[in-house]
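Enquirer:
There are 2 protein chains.
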Amino acid sequence: MAQKPSIPKGTRDFGQREMAERNYIFDTIRSVFRTYGYQQIETPALENLSTLLGKYGDEGDKLLFRILNSGDAFSGIDYGQFRLEGDHYNSKALSLKVSEKGLRYDLTVPFARYVVQHQNDISFPFKRFQIQPVWRADRPQKGRYREFYQCDVDVIGSRSQVNELELVQIVDRVFTLLDVRVGIKINNRKVLTGLAEICGFPDKVVDITVAIDKLDKIGLGNVEAEMMEKGLTPEAVEVLRPVLLLSGTTAEKLAAMRALFGGGSVSGTVSETGLKGIDELEELFGLIEAAGIRHDVQIDLSLARGLNYYTGAIFEVKALDFPIGSICGGGRYDNLTGIFGLPDMSGVGISFGADRIYDVLKGLDKFPKDLGSATRLLFAVMGPEELRYVLPVAKALREEGVAVEIYPEATKLKKQFDYADRKSIPFISINGSSEMEAGTINLKNLETGEQKAFPAHETDQILSFIK
Amino acid sequence: MAQKPSIPKGTRDFGQREMAERNYIFDTIRSVFRTYGYQQIETPALENLSTLLGKYGDEGDKLLFRILNSGDAFSGIDYGQFRLEGDHYNSKALSLKVSEKGLRYDLTVPFARYVVQHQNDISFPFKRFQIQPVWRADRPQKGRYREFYQCDVDVIGSRSQVNELELVQIVDRVFTLLDVRVGIKINNRKVLTGLAEICGFPDKVVDITVAIDKLDKIGLGNVEAEMMEKGLTPEAVEVLRPVLLLSGTTAEKLAAMRALFGGGSVSGTVSETGLKGIDELEELFGLIEAAGIRHDVQIDLSLARGLNYYTGAIFEVKALDFPIGSICGGGRYDNLTGIFGLPDMSGVGISFGADRIYDVLKGLDKFPKDLGSATRLLFAVMGPEELRYVLPVAKALREEGVAVEIYPEATKLKKQFDYADRKSIPFISINGSSEMEAGTINLKNLETGEQKAFPAHETDQILSFIK
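These protein sequence lines map, in sequence, to chains G and P. Letter by letter, the first sequence follows residues 4 to 470 in our numbering. Letter by letter, the second sequence follows residues 4 to 470 in our numbering.
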C-alpha cells in the first residue's frame, strides 16, 4: 500500500518559481557582500553537541535537533538509572547518552568555532559571509520554520567603527538594489549600560530598556510607572526623564546624552561606559554622513535586541512600506570566540532575514517580472527527421547561454503548445518538410503572435528575435 | 576551561578558496542545466523516516542519520520490552520509538516524494535539477564523507530517448567548459536482461554482468570460469562468448547484438527485452551522432551500476587524464514514484560527483587562476581625514561591482601591506595630504610595481587601471 507522501512540520519544499525568487534575494545580498571584500565560507550542518550546548541558553538547548549515534546507539545503557517516576525518564540525560551530534542552530556559533579552529590560516581582520540553512525544534507556526536559511555577514578582529559603517552601507546597498524602502535604527549597548549607571540601578539595564521601548505605545507616564514597578526609585526615574523627552537631530541627541553621562543629570553621576558609547555612536554617525546613505538612519535608544551578547553597536532594519518585524539585525560582540579558547576578539555582524525579506518583496510586488520563465524557446517536434533537423540549432543557441527546450515526444501539437503555456515559454518553433527543404527555422512569439523564419545557421538572427 | 573546537568526523569546513572553487563547479553545471530548461528545486534536509526507510535496502537504512524527537523523547517507553540480553537492546526498534525524522540520504527519493506530493502543480515532462547536501552515517575515510553535496538532474514523465541524448549533451558541455577530457560509457539494462535470457539463466543478470565487467582485467578464460562458478553451464557460457569477443564500431556491435537477440545465438533463444534494449541504444546513438558530441561516447556492455533500479539506459563518465572512479553516473528508472503511489512514471537522470570533479580539477590544475583573489583594491588608511576622503571613491567602485576594501584601522603601513599580500589583493591605494590637496587617488599595482594617480571622481579611469 503506497503511503501518502509528506514532509515534516515546519519544513518546506521550494519549487522552481520560489527558487528563482529566493536566488534573486541571495544573489543580490551575496554580490553586495563581495564588493566589500567579505569571503564566503560553509560549515557542516552536523556539529558536535559539545560545540552547541550551553551557547543558546537553556531554552536554546531544548530547541537543538539531536542526531542519534549510528550503530548500536541504545546498547550498554542502564535505563533504570535514568528513571524518574513511573514511565517517565530523564530525557536530557538519556539523549546525551545516545546522541553526540546536533544540527546547526545558527551561523554565529559555527563561525566562532571556525575562527578558533582555523585561526592560523586566517588573515585578521577576518571578513566572512555565510548563507546556509539552520534548524530549530521550535513549535512551527505561520512564518516560523524548523528549517530556514540564515544569511550572515561578520568581521572579526577589529574594533574600528569603519566595520559598523560598512555593515550600514551593505544594508543600504542591498535594499536599494531590491527597491525596498527601509529604516535603519542604531543603538549602543554601552549607552544602555550608562543609563542604568547614572540612575543608580546598574543591574536593571534590561528592565529600563524594555520600559523605554514602549514609550511610543504607552506614553511617558506609563513608562515611568513600569520602571517603578520594576524597582526603580522616583529619583532614578527623574534622572532618566530627559532621555525619554530627547528630541532633535542626531547631533543634538548625542550632545544631550554626552552631557547627561558627563555628570549633567540630576544624579550627577558620571558614566564612563555611557560616554564611551556616545563616542562610538558619534564616530559612526560621522562616518555615515561622510559615506552618504540613501535610507533613513536613526539613533534609537530603546533598541534592545541581543542584550545578552552585544557589547557595542546594535542594529535593526525594518521595511517602511510593509508591516512585518525586523528584516535585518545585528551588533558588536566583544568576546565571541572566548568560549572556544580565543579571548579578546571583537567582532560585529548582521544577519539578513531571508524569509521575511521574501515576504516583503512578495507583498510589495518587487520581484523582477522575468524571474519565473527560464526557458526562452520550445522546439515543437513532429517526427524523427524534424527532431534531427533542429538538434544543431538548439545546441548553438544553448552554447550562447539561452535556455532552449526540445519537446521530447512527437505528440499532438496542442499538447506541446500547452507545455509552452504552462511553463511560460515565450517563443515556439515548429518546423516541417517545407522549412527543412528551405533550410530555415520558423519562430513564433507566443505573446504577440509575430512569426518569422530565419536561415537555420544564422544563430545571431535567431537570438535577436527571441531575446 | 575552554574546549578545543572540532567538527564531527566525515564533515568539512570550506574556506574562501575552496568555496570559490566549489562554486565554480556548481555554477558551471547549473548554467548548463539551465540552458536545457531544467528548473531548480530544493527539498528539506529533514524528511519523515517513513519517506526514507526501505528505499535504500537494509544497508541504507542503517546509514540513515536519525533525529531524536524533540521534547520528552524518552518518556513513556517500556525499555524492558526492547531488551535482548544483558545490556544489549534492540536499537532498531528503540530508535523508531524515539525518532520520526531523518536526514536526506540522497536527492532521488526526495525528488520522487516531491513529484508525487506536488503532481497537480507540475507540468510533465518535469525537468528538475537539485544541488544540496546529503548525509550518510558511513565509516569516514579518504574521499568518503558523512556530509557531501549531490548535484542531480532528472526528467520524469517521458520515455523518449531525446532525454537520454540531452543528458549526454549536458555532460559533454559541462566537461568542455571545465576543460576536462572525459569518456562517456552507455549501457542498457534491457540488454543485460537479454543476455541472461538467451543463455538460459534469466535470474543471473548480476552475476553475468559482474563477470563480464572483469574481462579487461582477468581475460576471457577467467571470466568464463567465474560464470561457471556462479552456476552457468558450459552451453550458457558458449552462448555468451560472442558478446565477450565483440569488437568494431558502435554500429557493428549493435548489429551483432541484434542478431544474437533475434535468435542467432547458439541457443537460438529470442529475447524481446534484449531487442528492445538494442532499439533504444540504436536510437540514442543515432541522436548522439546527429547532435555532435565532443567527448568519446562508447557502448559498454559491462557497465552495471544501479542494477537494482535502472530499467533502461545506464551512464557512467570517467576522467581520461586523472585516475579516479566515475565522476558522473545515472540511468533510466521506470517506476521511481510508484513507492509513493504514482505508478508508470518513467524518468532518467544523472548525478555529478562534485567532490571527485573537484579532485580532478585540482589534480589537473584546471581551476581558473583568479578565483581566489576576490578583492581587487585595498585602500590603506593613515588617519580619520584620509579615511573620509576615500569613502566616496570606494563606494563608487563598489557600485560598479568591484570588490574593494578599506583597511579598518590606521595602523602601520607594513601591517596593511601584509594584509593585502595574505589576501592576494592585487592593488593598493595610499593617500595622504598631498593627494587630498590635489584631489587625486594614488594607485599601485602590487605585482608590477606600477604606480599612477587619477582624479578621485574619475571612477572609470580608476576602474580601467585596476581591472
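The C-beta atom is built at its ideal place from N, Cα and C for all residues, glycine as well.
Give the interface partners of residue 45 of chain P over in chain G, defined as CB-CB distance under 8 Å, in chain order.
Expert: For the purposes of this step, residue 45 of chain P is identified with residue 42 of the second sequence, where counting begins at 1. Those are 16, 17 and 22, listed as they occur along chain G.
Enquirer: Between which two residues does the alpha helix (DSSP H) containing residue 132 of chain G stretch?
Expert: Position 129 of the first sequence, counted from the start, is the residue given in the question as residue 132 of chain G. Here residue 132 of chain G belongs to no alpha helix (DSSP H); instead the beta strand (DSSP E) covers 129-138.
Enquirer: Determine the closest residue to residue 450 of chain G out of G/428, G/146 and G/463, with distance taken between C-alpha atoms.
Expert: Taking the first sequence and counting its residues from 1, the one referred to as residue 450 of chain G is at position 447. Minimum Cα distance to residue 450 of chain G is reached at G/428.
Enquirer: Of all the alpha helix (DSSP H) runs that stay within the bounds of the stretch 274-335 of chain P, which reach a length of 4 or more residues?
Expert: Runs found: 275-294.
Enquirer: For residue 251 of chain G, which three-state DSSP category applies?
Expert: For this step, residue 251 of chain G is matched to residue 248 along the first sequence. Correct three-state label for residue 251 of chain G: coil.
Enquirer: In terms of residues, what are the limits of the beta strand (DSSP E) holding residue 434 of chain G?
Expert: Position 431 of the first sequence, counted from the first residue, corresponds to residue 434 of chain G. Run containing residue 434 of chain G: none; DSSP gives neither H nor E here.
Enquirer: Can you tell me whether residue 467 of chain G is buried or exposed? The criterion is at least 16 other CB atoms within 10 Å of its CB, across all chains shown.
Expert: Position 464 of the first sequence, counted from the start, is the residue given in the question as residue 467 of chain G. Under this definition residue 467 of chain G is an exposed residue.
Enquirer: At a CB distance below 8 Å, what residues from the stretch 58-70 of chain G approach chain P? Give them in sequence order.
Expert: Within the stretch 58-70 of chain G, the residues whose Cβ lies closer than 8 Å to some Cβ of chain P are 65, 66, 68, 69 and 70, listed in chain order.
Enquirer: Quick one: what's residue 455 of chain P bridged to in DSSP?
Expert: Residue mapping note: residue 455 of chain P aligns to position 452 of the second sequence, counting from 1. Per DSSP, P/446.
Enquirer: So, residue 351 of chain G versus residue 166 of chain G, is the Cβ gap smaller than 8 Å?
Expert: Along the first sequence, read from residue 1 onward, the residue named residue 351 of chain G stands at position 348. Along the first sequence, read from residue 1 onward, the residue named residue 166 of chain G stands at position 163. Yes, the pair counts as a contact, with Cβ atoms nearer than the cut-off.
Enquirer: Apply the 10 Å Cβ neighbour rule to residue 465 of chain G and answer buried if 16 or more other Cβ atoms are within range, or exposed otherwise.
Expert: The count along the first sequence starts at 1 and reaches residue 465 of chain G at position 462. Buried, by the Cβ-count rule.
Enquirer: Is there contact here, the stretch 58-66 of chain P with the stretch 39-50 of chain P, by at least three beta-carbon pairs under 8 Å?
Expert: The stretch 58-66 of chain P vs the stretch 39-50 of chain P: no contact.
Enquirer: Starting from residue 153 of chain P, trace the beta strand (DSSP E) both ways and give me its first and last residue.
Expert: Counting from 1 along the second sequence, the entry for residue 153 of chain P is found at position 150. Looking at the DSSP string, the run of the beta strand (DSSP E) that includes residue 153 of chain P is 150-159.
Enquirer: Inspect the CB distances between the stretch 156-175 of chain P and the stretch 123-132 of chain P and report whether three or more fall short of 8 Å.
Expert: Touching, per the Cβ criterion.
Enquirer: What residues match up with residue 191 of chain G in a beta bridge as DSSP calls it?
Expert: By 1-based counting over the first sequence, the position of residue 191 of chain G is 188. In the DSSP output, where bridge partners are listed per residue, residue 191 of chain G has G/316.
Enquirer: Relative to the C-alpha of residue 462 of chain G, which residue among G/201, G/331, G/91 and G/443 is closest?
Expert: Position 459 of the first sequence, counting from 1, holds the residue named residue 462 of chain G. Of the candidates G/201, G/331, G/91 and G/443, the one whose C-alpha sits nearest the C-alpha of residue 462 of chain G is G/443.
Enquirer: Locate the beta strand (DSSP E) running through residue 353 of chain G, then write down its first and last residues.
Expert: In the first sequence, counting from the first residue as 1, residue 353 of chain G sits at position 350. Run containing residue 353 of chain G: 350-355, per the beta strand (DSSP E) assignment.
Enquirer: Comparing the C-beta of residue 372 of chain G with each C-beta of chain P, is any distance below 8 Å?
Expert: Stepping through the first sequence from its first residue, residue 372 of chain G is reached at position 369. False, the Cβ-Cβ gap to chain P never drops below 8 Å.
Enquirer: Got a sec? Which residues, its chain only, sit under 6 Å from residue 202 of chain P by beta carbon, not counting five neighbours each side?
Expert: In the second sequence, counting from the first residue as 1, residue 202 of chain P sits at position 199. Cβ within range, chain order: 239, 242 and 243.
Enquirer: Can you tell me where the beta strand (DSSP E) holding residue 102 of chain G begins and where it ends?
Expert: Residue numbering aside, residue 102 of chain G sits at position 99 when the first sequence is read from its first letter. Note, residue 102 of chain G: beta strand (DSSP E), 102-106.
Enquirer: Quick one: which chain G residues come within Cβ less than 9 Å of residue 405 of chain P?
Expert: Counting from one through the second sequence, the residue named residue 405 of chain P turns up at place 402. Residues of chain G passing the Cβ test: 38.
Enquirer: Only counting the same chain, and skipping five residues up and downstream in sequence, which positions put a Cβ closer than 7 Å to that of residue 265 of chain G?
Expert: Translated into the one-based positions of the first sequence, residue 265 of chain G becomes position 262. Here the set comprises 273 and 278.
Enquirer: So which of G/200, G/80, G/343 and G/256 has the shortest CA-CA distance to residue 113 of chain G?
Expert: Taking the first residue of the first sequence as 1, we reach residue 113 of chain G at position 110. Cα-wise, what sits closest to residue 113 of chain G is G/343.
Enquirer: Give the interface partners of residue 314 of chain G over in chain P, defined as CB-CB distance under 7 Å, in chain order.
Expert: Stepping through the first sequence from its first residue, residue 314 of chain G is reached at position 311. By Cβ distance, chain P contributes nothing, its closest Cβ being about 17 Å from residue 314 of chain G, past 7 Å.
Enquirer: Which residues share a DSSP beta bridge with residue 125 of chain P?
Expert: Along the second sequence, read from residue 1 onward, the residue named residue 125 of chain P stands at position 122. Answer is none; residue 125 of chain P lacks a bridge partner.
Enquirer: Given a cut-off of 8 Å on the beta-carbon distance, is the pair residue 183 of chain G and residue 339 of chain G in contact?
Expert: Looking up residue 183 of chain G in the first sequence gives position 180. Looking up residue 339 of chain G in the first sequence gives position 336. No, they are not a contact pair.
Enquirer: Short of 8 Å Cβ to Cβ, which residues in the stretch 118-130 of chain G face chain P?
Expert: Of all residues in the stretch 118-130 of chain G, 119, 120, 121, 124, 126, 128 and 130 have a Cβ within less than 8 Å of some Cβ in chain P.
Enquirer: Sorted by chain position, which residues of the same chain lie with C-beta nearer than 7 Å to residue 473 of chain P's C-beta, five sequence neighbours on each side aside?
Expert: No information on residue 473 of chain P is available, as it lies outside the stretch 4 to 470 that chain P covers here.
Enquirer: Would you say residue 8 of chain G faces chain P, with C-beta separation under 8 Å as the test?
Expert: What you label residue 8 of chain G is simply residue 5 of the first sequence in a count that begins at 1. Output row for residue 8 of chain G: interface = yes.
Enquirer: Could you work out which residues of chain P lie near residue 412 of chain G, taking near to mean beta carbons separated by less than 7 Å?
Expert: Numbered from its first residue, the first sequence carries residue 412 of chain G at position 409. 161 and 163, listed in chain order.
Enquirer: Beta carbon of residue 44 of chain G, beta carbon of residue 355 of chain G: below 8 Å?
Expert: By one-based count along the first sequence, residue 44 of chain G stands at place 41. By one-based count along the first sequence, residue 355 of chain G stands at place 352. No, the pair does not count as a contact, with Cβ atoms beyond the cut-off.
Enquirer: Determine, using beta carbons only, whether residue 335 of chain G comes closer than 8 Å to chain P.
Expert: Sequence index remark: in the first sequence, residue 335 of chain G carries index 332 (1-based). Closer than 8 Å: no.
Enquirer: Are the C-beta atoms of residue 450 of chain G and some chain P residue less than 8 Å apart?
Expert: As a position in the first sequence, residue 450 of chain G is number 447, starting the count at 1. Chain P contact via Cβ: absent.
Enquirer: Just confirm the distance between the C-beta atoms of residue 99 of chain P and residue 191 of chain P, as a whole number of angstroms; I'd bet it's less than 8 Å.
Expert: The residue labelled residue 99 of chain P in the question sits at position 96 within the second sequence. The residue labelled residue 191 of chain P in the question sits at position 188 within the second sequence. Not confirmed; about 39 Å, so no contact.
Enquirer: How should residue 434 of chain G be labelled, buried or exposed, when 16 other C-beta atoms within 10 angstroms of its C-beta is the threshold for buried?
Expert: Within the first sequence, residue 434 of chain G is the residue found at index 431, counting from 1. With 16 or more other Cβ atoms within 10 Å, it is buried.
Enquirer: I need the DSSP call for residue 242 of chain P, collapsed to helix, strand or coil.
Expert: Your numbering for residue 242 of chain P matches position 239 in the second sequence. Of the three classes helix, strand and coil, the one that applies to residue 242 of chain P here is helix, per DSSP.
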